[in-house]
Amino acid sequence: MQLPPRSFHSLTEIAIRWSVTPFDVIGWSTDGLLALSIALPPVKTGPSETLSGLADVEAAHLLPLFRRDGAPSPTIVIRRVKAGDDFRWIVDPAEGVAITAADVLVRRGEVERFERQYGFFNGLHAPESDAAAAARRRGGPGVPPRHDWDAFYAALARRIHEHGVPATQAELVREMVAWFEARDAEHAPDESTIRKKITPVWRELSRL
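Using our numbering, the final residue of the sequence shown is 209, and nothing's skipped along the way.
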């Protein structure tokens, strides 16, 4: 059974997919190149206007969550969201909506549009020829393994270096599944295989 594509991705997942930092993605959004969103609970933006669901936010307000230098803020408060073509102030709750870095999302349509516009291919990885892909899958002496585990561990190290250790192993597994699927969704390893590769690393990180 083929599942439908995901409706949105976390900003951290997209940074890993594109081999950049979240700070870079925030910068592109600040320049108007990419819309960033949050899942908004019901809020009032006027006496008779209520908003909820995915809503775009101003990228500059998100910078404290993804500082390149210095410790990032654990939370920020969003007081303006986009409704149609205009940004509206949240009037109820009066204190706004608190979010964390994990709450910042990129819609699937935005990801696909950005990748087409700037020549991305599956997260900045060029397509293999059919012959090369077949040879990689066959395995055997002198032939690369079925999956590029060297690149996997390099991406894993970069993720931990740039974004820190996530709260749970399951979160790290999901991000690396997304990384593989961005490279080659058709031939990505299953989640259990990726979990087995991550478990020894997670065990060592847990000792720190």
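Ideal Cβ positions, reconstructed from N, Cα and C, are used throughout, including at glycine.
Counting along the chain, the unbroken beta strand (DSSP E) around H10 starts and ends at F9 to S11. G54 is bridged by DSSP to L41. DSSP places I100 in the uninterrupted beta strand (DSSP E) bounded by V98 to I100. A distance below 8 Å separates the beta carbons of L66 and S74. Distance from the CA of A103 to the CA of F115, rounded to the nearest whole angstrom, comes to 21 Å. R7 and A183 have their C-alpha atoms roughly 12 Å apart. Under the 10 Å beta carbon count, R68 is surrounded by fewer than 16 other beta carbons and is classified as exposed.
About 14 Å separates the beta carbons of I27 and I100, which is beyond the 8 Å limit, so they are not a contact pair. Going by beta carbons, H10 and V112 fall inside the 8 Å limit. Between I195 and V174 the beta-carbon gap is near 6 Å, inside 8 Å, which marks them as a contact. When the alpha-carbon of A16 is set against those of S207, E50, M177 and R81, the nearest one is in M177.
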